[in-house]
Every structure is written in C-alpha cells, then in structure tokens.
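What follows is one structure encoded as structure tokens, with my remarks underneath.
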Amino acid sequence: MFKKISLLFVAAIIFNSCSSGEEGGVEVKDNFDRKIMLTNIADNIITPSYDEFASKMKSLKSIGDTFINNPTQTTLEDLRVAWLEAYKKWQYIEMYNIGKAEEIQYSFYMNVYPLTVADVESNISSGSYDLNSANNHDAQGFPALDYLLYGVGDNDNEILAKFTTATNNDKYKKYLTDVLNQMNNLTKDVVAKFKANRNTFVNNLERTSSGTFNKIINDYVFFFEKGVRTNKFGIPAGIFSTNPLPEKVEAVYKKDVSKTLALEALTAVENLFNGNGSISFKDYLLALDRRDLATKIEAQFATAKIKINSLNTDFSAQIISDNSKMLNAYDELQKAIILLKVDMMQTFNIPLDDGYVDNDGD
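So this is what it looks like as structure tokens:
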C-alpha cells in the first residue's frame, strides 16, 4: 500500500516560493517540488485508478465468457452490469495517454464513439477482421459492447436470439469474445508497463515537452477539452455541425447512462486537480500565489456539475427534447477549459504540446 504524501510539505513549498521583488513587492518564484506532486499522482491517483479499472475489466471478461457459454436473460443482465461498472472506471484513466498507453493509442481501442455499426456487422458476417487495425478503432471497445448488449435487437428476446438461435450466432459470440479479449489484454499490458516504469515517471523532472509534468498536464487539459467537453457534449449537441447529432452521444444504445459517464469523467478531472487528498495541481497554484485561480477553477467545476446534473440521464433524449440545456452545460465546461488551458498552463509555464490540435480559439 502506498503512503500518501503529507500535506505538511505544502506549507514549506509555499513559504519557499516567494521572495522580495526589486520594488518592495512580492516576486513569486517557482520552487515547487514537482517530484512530490508526481509521486502522489503516480502512487495515489494513477496506479489505484489503473488497478480498479483492470479489476473491473477482468471481471467483465469473465462474466462475458459466462454469457457466451450460456446466453440467458440472467447472464445477459450480469454482463450488462459488468460493462457499465467497467465503463465508469474507464472514465478515470482515459486521460492518461502516457507510456504504453500513448505508444499503442490505448484509448482508440477502448472508447471511440460513435460506433460504426456497418463495420461491426461486416466483421461479424465475414468472420475475418483485425482489431489491431486503425480501420477498426470505431468497431470495438465499450461502444461495441454497448451495441452488442443493447443494440442488435429491439428487445431482449431479439438480442438474445443473436447469440442463441440466429444462424450466425457463433459469429456474434466470437466477435464479443474477441472484443473482450482485446480490451482485457491491452489493459493488462498498459497497467503492467506503467507500474514497471513508475520511477521513470516520477523522476523525469525535465521542463521540456518530454518531461512528465508537461505531458501529464497536456493530457489532462486535452481530455477535459476533447474527451469531456467536445465528445460528450459539443458534438452531439451540434456545436460543431449545422444540426444536433443525438445519435453521437456516449453509450447511445443503453440510452440512460450518458449523464452518469459524463459525471464520472468530471469527477476524475476534479480528483487530479485537487490531488485526491494530497499534493497536485491545486497545491502548485497555491505555491505560486494563485489561490484566486484555484478557487475559480473549483467553482467552475461545481457550476458545470450543477448544469450536468440538471440534464436527462439520456443525453440523446435531452438533445431532442431541449437542447438548450446541453448547450448551457457545454458553455460552463468551456469556461473551465479557458481557466485550465490558458490561465493555469500559463501560470505553470507549460506550453501546449505540438500534437494538441486546437481549433476552437481558446
């Protein structure tokens, strides 16, 4: 069990971060110990989140095998529960595009949506496919499971028939098996590699684009901007298109968990900012005499959460009935993006990575 870093360090860090300016003012210097912060992030945030997800993924794979061997209403419901539990935990690790996850583009195999149903059905029909191909990024992962468990029929009897009485039921079973194996195997590899390289992560204190803090802060802001604001809200609400696209919400076939997944993702963003009980970005801002900014960020997270909580559990239904509420939630998330991507990153003196595609003018 990892020990949490004592918050007593914060006082010393803040004390050491200030010195007198030339004109009697206070000149804030960056003497913050990034290694203490990175140690907390590695040991008390990333590793536990990886472990929790890997456990849920292993359980999902096992319960999936049970369903495949005996497709019944009971085993289908068990698999659906396991899918959602793993999907919620996924929201806590998707942002960490580091190490092996970055090397293999892990998230592309786990949660690219909307799903391309035609590709899934073509793969199932032919029985010949390569899930490692980029062409199949949108035909696997959690969205593919969403479709296979909720979208291949109009009701549970029709869904079960795909795995029991349909002439090609063996192909549906094989595809479900292959998707689960892919997700589980990639997860085990990513988690193992992160743990093996934990010391490298913590000790890479370079203040360059390859430094750990530079990479983690870029991944963090990118996930919040693209993974949360854009994918979960902006695209389906029609921010980037002529009309709303309710069919592009996350977990579109399950229908009533898109809000749940969005709130989990926002909680993950808050946890990393606050340090989950120890030192992280908020403490760094305090050390740089930016309590004002830290307070604004926390307040904006809270405001965004209030707007999200006011939405229908099914974002697709919300968009169809009253899209203005989705747009309001998007606007509050956008305000948080500006605080993080502009104000916080400038305070930390961290530039955007070259790979950070910015097309919305922040």
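Each residue of the sequence shown is one higher than the one before, counting from 1 in the UniProt record's numbering. Here a beta-carbon is modelled for each residue, glycine too, at the ideal position from N, C-alpha and C.
(request) Please check the pair asparagine 111 and proline 143, which I expect to be a contact at CB under 8 Å, by giving their CB distance rounded to whole angstroms. (result) Correct: roughly 7 Å between the Cβ atoms.
(request) Give the range of the alpha helix (DSSP H) segment to which phenylalanine 348 is assigned. (result) 345-348
(message) Please state the DSSP three-state secondary structure of threonine 267.
(response) Under the three-state reduction of DSSP, threonine 267 is assigned to helix.
(request) Indicate the three-state DSSP secondary structure (helix, strand or coil) for proline 351 in the structure shown. (result) coil
(message) If you measure between the beta carbons of asparagine 136 and aspartate 119, is that distance less than 8 Å?
(response) yes
(request) Decide if the region 248-262 is in contact with the region 307-322; the criterion is three or more beta carbon pairs, one per stretch, under 8 Å apart. (result) yes
(message) Could you tell me the alpha carbon to alpha carbon distance between tyrosine 356 and tyrosine 175, rounded to whole angstroms?
(response) Straight through space, the alpha carbons of tyrosine 175 and tyrosine 356 are spaced by roughly 34 Å.
(message) Need the endpoints of the alpha helix (DSSP H) that tyrosine 253 sits in, please.
(response) Unbroken run through tyrosine 253: none, as it is neither H nor E.
(request) Flag alanine 237 as yes when its Cβ comes closer than 7 Å to any non-hydrogen atom of the ligand NAP, and as no otherwise. (result) Of the ligands one can find in the structure shown there are none, so the ligand NAP has no counterpart to examine.
(message) My output table needs one value for proline 143: the three-state DSSP class, helix, strand or coil.
(response) Judged by DSSP in its simplified three-state form, proline 143 adopts helix.
(message) Please classify aspartate 146 as buried or exposed, where buried requires at least 16 other C-beta atoms within 10 Å of its C-beta.
(response) Buried: at least 16 other Cβ atoms inside 10 Å.
(request) Using beta-carbon positions only, say whether leucine 245 and glycine 64 come within less than 8 Å of one another. (result) no
(request) Express the C-alpha separation of lysine 282 and lysine 89 in angstroms, rounding to a whole number. (result) 23 Å
(request) Report yes if the C-beta distance between leucine 340 and alanine 237 is below 8 Å; otherwise report no. (result) No, they are not a contact pair.
(request) Specify, as a first and last residue, the run of the alpha helix (DSSP H) that aspartate 156 falls within. (result) 156-163
(message) For arginine 291, count the other beta carbons within 10 Å of its own beta carbon; 16 or more makes it buried, fewer makes it exposed. Which is it?
(response) exposed
(message) Looking at the secondary structure, which residues open and close the alpha helix (DSSP H) in which arginine 291 lies?
(response) 291-309
(message) Considering only the alpha carbon of each residue, which of Asn31, Gln73, Met183 and Thr347 lies closest to aspartate 156?
(response) Gln73
(request) Excluding the 5 residues preceding and the 5 following asparagine 274 in the sequence, name in chain order all residues of the same chain whose CB lies nearer than 6 Å to its CB. (result) Lys282
(message) Taking the beta carbon of aspartate 154 as the centre, do at least 16 other beta carbons fall within 10 Å, making it buried, or is it exposed?
(response) The residue is exposed, with fewer than 16 neighbouring Cβ atoms inside 10 Å.
(request) Alpha carbon to alpha carbon, how far is leucine 285 from asparagine 44? Give it in angstroms, no decimals. (result) 20 Å
(request) Would you kindly work out how many angstroms separate the C-alpha atoms of lysine 195 and threonine 167, rounded to a whole number? (result) Looking at the backbone, the Cα of lysine 195 and that of threonine 167 are separated by about 45 Å.
(message) Which same chain residues end up closer than 6 Å to asparagine 214 when comparing Cβ atoms and leaving out the 5 residues on each side of it in sequence?
(response) Ile350
(request) Let me know the beta strand (DSSP E) ranges lying completely inside the region 186-241, each 3 residues or longer, listed in chain order. (result) none
(message) My output table needs one value for tyrosine 356: the three-state DSSP class, helix, strand or coil.
(response) coil
(message) Taking the alpha carbon of asparagine 40 as the reference point, which residue from Val202, Gly141 and Lys188 has its own alpha carbon closest?
(response) Closest option to asparagine 40, Cα to Cα, is Val202.
(message) I'd like the span of the alpha helix (DSSP H) that includes leucine 285, first residue to last.
(response) 281-287
(message) Suppose the cutoff is 7 Å on Cβ atoms and the five residues either side in sequence are ignored; what does the same chain contact list for isoleucine 239 look like?
(response) Tyr330
(request) Quick one: give me the first and last residue of the alpha helix (DSSP H) that glutamate 332 is part of. (result) 315-338
(request) Report the residue from Ile319, Arg80 and Glu94 whose alpha carbon sits nearest the alpha carbon of valine 191. (result) Glu94
(message) Please state the DSSP three-state secondary structure of glycine 64.
(response) helix
(request) Hey, could you find the ends of the alpha helix (DSSP H) residue 451 is sitting in? (result) Outside the modelled stretch of the chain, which goes from 1 to 362, sits residue 451, for which no answer is possible.
(request) Pull up the distance between the alpha-carbon of phenylalanine 67 and that of tyrosine 172, whole angstroms please. (result) 12 Å
(request) Scan the region 93-137 and note each continuous alpha helix (DSSP H) run of 4 residues or more that stays entirely inside, going in chain order. (result) The qualifying runs are 100-104, 106-110 and 117-126.
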